[in-house]
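Structure first, then comments.
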Amino acid sequence: MIDETNDSALKSWVETPHGSDFPIQNLPIGIFSVGDRRRRAGVAIGDFVLDLTGIADLLDEDWREDLSQPILNGWLARGNGAQHALRERLIELLGDERYRDDVEPQLIGQTEVRMHVPCLVGDYTDFYVGIHHATNVGKQFRPDNPLLPNYKYVPIGYHGRASSIRVSGEPVIRPSGQRKAPDADAPEYGPSRRLDYELELGIWIGRGNDLGSPIPVGEAARHIAGYCLLNDWSARDIQAWEYQPLGPFLSKSFMTSVSAWVVSQQALAPFRRPMPPRADGDPRPLPYLDNPADRESGALEIQLEAVLTSERMRQDGIAPHVLSRGSADAAMYWSAAQIVAHHTANGCNLLPGDLIGTGTLSTDSNNGLGSLLEISRGGKQPIALATGEMRSFLEDGDEITLRAWCEGETGLRIGFGECVGRVAGDR
Ligand code: CA
28 MIDETNDSAL KSWVETPHGS DFPIQNLPIG IFSVGDRRRR AGVAIGDFVL DLTGIADLLD
88 EDWREDLSQP ILNGWLARGN GAQHALRERL IELLGDERYR DDVEPQLIGQ TEVRMHVPCL
148 VGDYTDFYVG IHHATNVGKQ FRPDNPLLPN YKYVPIGYHG RASSIRVSGE PVIRPSGQRK
208 APDADAPEYG PSRRLDYELE LGIWIGRGND LGSPIPVGEA ARHIAGYCLL NDWSARDIQA
268 WEYQPLGPFL SKSFMTSVSA WVVSQQALAP FRRPMPPRAD GDPRPLPYLD NPADRESGAL
328 EIQLEAVLTS ERMRQDGIAP HVLSRGSADA AMYWSAAQIV AHHTANGCNL LPGDLIGTGT
388 LSTDSNNGLG SLLEISRGGK QPIALATGEM RSFLEDGDEI TLRAWCEGET GLRIGFGECV
448 GRVAGDR
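What follows is the structure, encoded as C-alpha cells:
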C-alpha cells in the first residue's frame, strides 16, 4: 500500500509553499482550461497546474489519447495501475532537475486557470454513512429512536442528480419548491427559506463493473480512482415535505458542488486507519460487506473543515466563521469499499466517472457538525456571526468553503483544495 511515492522526504524542484495542499507526494489530477483554450488534463503541484498535454512527449505514448480528452472518464477507466505509473513518472519529472528545462514551461499558475468537473458524470449516488449525522438528524424527528432499524445493516443511499453537479466556485441559485410550515394546512411554492450545506467526501469511480457482476468488498479499492470534497446543497423545507416515502428529490437535485482535484488512493495510503470499532450490541456486517483487510485499513484519517462568510463579513474583512472541524475516519460507519460493494451487490454496474457521496460527515462532537440543520438544531438555535448577524440557515450572499487535508507526523500534508459555493438569490 504505502510505497516510495509516499516518502515524505521526496522533494520537487517546483517550490511548494509550506502548508500547501499539493506537495509532490499528492499530484491530484483534474481538468482545467486557460482563457478560451480547450479543456485538458493537469496535475496540481504547489501553486501550479502541470499541463499534461504539454509534456505528452515525456509520457507513455499509450496514455496520450486519454490524457488529451476534456474529461477524465477514459483515463480513470484504465484503473489504478495506469494512474500509479503516471504518478511514478511525474515524481521522476518533477523531482529530478534534469527534466526542469522541459517541464517548467508547462507549469501554469493555479490563479490563471479555470477548473472544471473532472468527469462527465453518468450517475451520482449519495450515501448516508455518517452515523453521527444520521443520529443527530434522526433525533430531531424521533428523540428516543434516532436510527431506523436498517441503518446498521444497510449502507443507506439515494439516487442523486448528475446533471447539476458543478465544480467549486460556481454560484448556488436558491431553489424554489413546495414548502409547508408544520402548522400550515397546505404547502405553498416559493424560494427555500431553509437552505443548507452538507459536508461530504466524494468518491470517483475508475474501472467500472459489468451489469450482473457485483464488486466484492475486497476488490472495491481497484474500482476507486480517488476522492474529492462534495457539498450536497439541501433545501430543508422542501425536503421535509417531499421526502416520504421515496426519499429526497428536488430538495437536493438543484445543485451539488465538488472540489476540482481527484486525490488518488495512493496519495492517501499513509492515512489509512482501522475502521472504528462497532459499539457493543451492533450487528456484524453481513458477509458480503465484511472483509478483514477493510476492517484493518478501510477508514481514512482526513481532516475536514467547513467555514462560512456573509457578504457583510467579506466587506468588513472579518475572518471566516468556522462551522466545523473533525476527522472523516471517526464519522463513517461504512467504508468506501463497503459503499462500492453494496452499490453493486444487486448487480448494478458502476461506470468510470460515476460519483458517489459518502453522506454528511459529522463527528460526535458539537465542533464537528457537518450541516446547519445540526448546528442550529433544526433552526431552533441560530448561531451568531462576528458581525452580529444570526444564522439558522443560509442567506443570500453567504459563502461556504469546505476543506480537507491529511497530515502526517513527518509534516507530510496531502490536501484536497477547496470546495466553495456562494448563495446567489433565487431566479
Ligand atoms: Ca447528503
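Going by the working numbering, the sequence shown opens with residue 28, and the numbers climb by one from there.
Glycine residues also receive a C-beta, built at the ideal position from the N, C-alpha and C atoms.
Worksheet item: Nearest to E445 by alpha carbon, out of N376, E401, L335?
Response: L335
Worksheet item: Between P379 and chain D, is there a C-beta pair that is closer than 7 Å?
Response: The chain labelled as chain D is not found in the depicted structure, where only one protein chain is given.
Worksheet item: Is D259 near ligand 1, with its Cβ less than 6 Å from a heavy atom?
Response: yes
Fill in: Pick from R339, G438, A363, I192 that is closest to P297, judged by C-alpha positions
G438
Practice prompt. Kindly list the residues whose CB is nearer than 8 Å to the CB of A413, restricted to its own chain and excluding five residues on each side of it in sequence; keep chain order.
Written response: M340, I345, A346, H348
Item to complete: Flag E401 as yes when its Cβ comes closer than 6 Å to any non-hydrogen atom of ligand 1, and as no otherwise.
Response: no
Discussion item. Any heavy atom of ligand 1 closer than 6 Å to the beta-carbon of E225?
Written reply: yes
Worksheet item: Do G386 and ligand 1 come close, with the Cβ less than 6 Å from some heavy atom?
Response: yes
Discussion item. Beta-carbon within less than 6 Å of F443's beta-carbon, same chain only, minus the 5 sequence neighbours each way: which residues are those?
Written reply: L256, S286, V290, A431
Practice prompt. Confirm the yes/no value for this check: CB of D153, any heavy atom of ligand 1, distance under 6 Å.
Written response: yes
Worksheet item: Between which two residues does the beta strand (DSSP E) containing L77 stretch?
Response: 75-78
Worksheet entry | Whether V61 touches L121 by CB criterion (7 Å) | no
Discussion item. Quick check on F420: buried or exposed, where buried means 16 or more other Cβ atoms within 10 Å of its Cβ?
Written reply: buried
Worksheet item: beta strand (DSSP E) containing G353: first to last residue?
Response: 348-354
Discussion item. Between R66 and H143, how many whole angstroms is the CB-CB distance? I'm expecting something under 8 Å.
Written reply: 6 Å
Item to complete: Have a look at the DSSP bridge pairing and note the partners of I427.
Response: L335, G448
Worksheet item: Which runs of the beta strand (DSSP E), 3 residues or longer, sit entirely within the stretch 242-271?
Response: 251-258
Worksheet item: By DSSP, does W288 sit in helix, in strand, or in coil?
Response: coil
Worksheet item: Which residue comes first and which comes last in the beta strand (DSSP E) that contains I56?
Response: 56-60
Item to complete: Output the boundary residues of the alpha helix (DSSP H) element that contains P145.
Response: No alpha helix (DSSP H) holds P145; DSSP gives it neither H nor E.
Worksheet entry | A208 classed as buried or exposed, judged by whether at least 16 other C-beta atoms fall within 10 angstroms | exposed
Worksheet item: Is Q110 helix, strand or coil by DSSP?
Response: helix
Worksheet item: Is it right to say R266 is buried, meaning 16 or more other beta carbons lie within 10 angstroms of its own, or is it exposed?
Response: A quick correction: the sequence has Gln, not Arg, at residue 266. The residue is buried, with at least 16 neighbouring Cβ atoms inside 10 Å.
Item to complete: Would you mind sorting E401 into buried or exposed? The rule is 16 or more other CB atoms within 10 Å of its CB.
Response: buried
Practice prompt. Return yes when the Cβ of G448 is within less than 7 Å of the Cβ of V148, no when it is not.
Written response: no
Item to complete: Run the CB neighbour count on P182, radius 10 Å, all protein chains shown included, and call it buried at 16 or more, exposed below.
Response: buried
Worksheet entry | Residue environment, H45, which counts as buried when at least 16 other CB atoms sit within 10 Å | exposed
Worksheet item: If S337 and E422 are in contact, beta carbons under 8 Å, what's the gap, nearest whole angstrom?
Response: 7 Å
Fill in: N- and C-terminal bounds of the alpha helix (DSSP H) containing E401
399-402
Worksheet item: According to the neighbour-count rule (16 or more other Cβ atoms, all chains shown, within 10 Å of its Cβ), is Q485 buried or exposed?
Response: There is simply no residue 485 to check, as the chain begins at 28 and stops at 454 in what is shown.
Worksheet item: Does the beta-carbon of E225 have 16 or more other beta-carbons within 10 angstroms, so that it is buried, or is it exposed?
Response: buried
Worksheet item: Helix, strand or coil: which one does DSSP assign to W432?
Response: strand
Discussion item. Taking the beta strand (DSSP E) that E231 belongs to, which residues open and close that run?
Written reply: Note on identity: in this sequence residue 231 is Trp, with Glu being the wrong assignment. Segment 226-232, the beta strand (DSSP E) holding W231.
Worksheet item: By Cβ distance, which residues of its chain are closer than 8 Å to D48, with the 5 residues on each side in sequence left out?
Response: A71, W432, R440, I441, G442, F443, G444
Worksheet item: Straight-line CA distance for S76 to P241?
Response: Sequence check: residue 76 is Val here, not Ser. Taking the straight line joining both Cα atoms gives about 37 Å.
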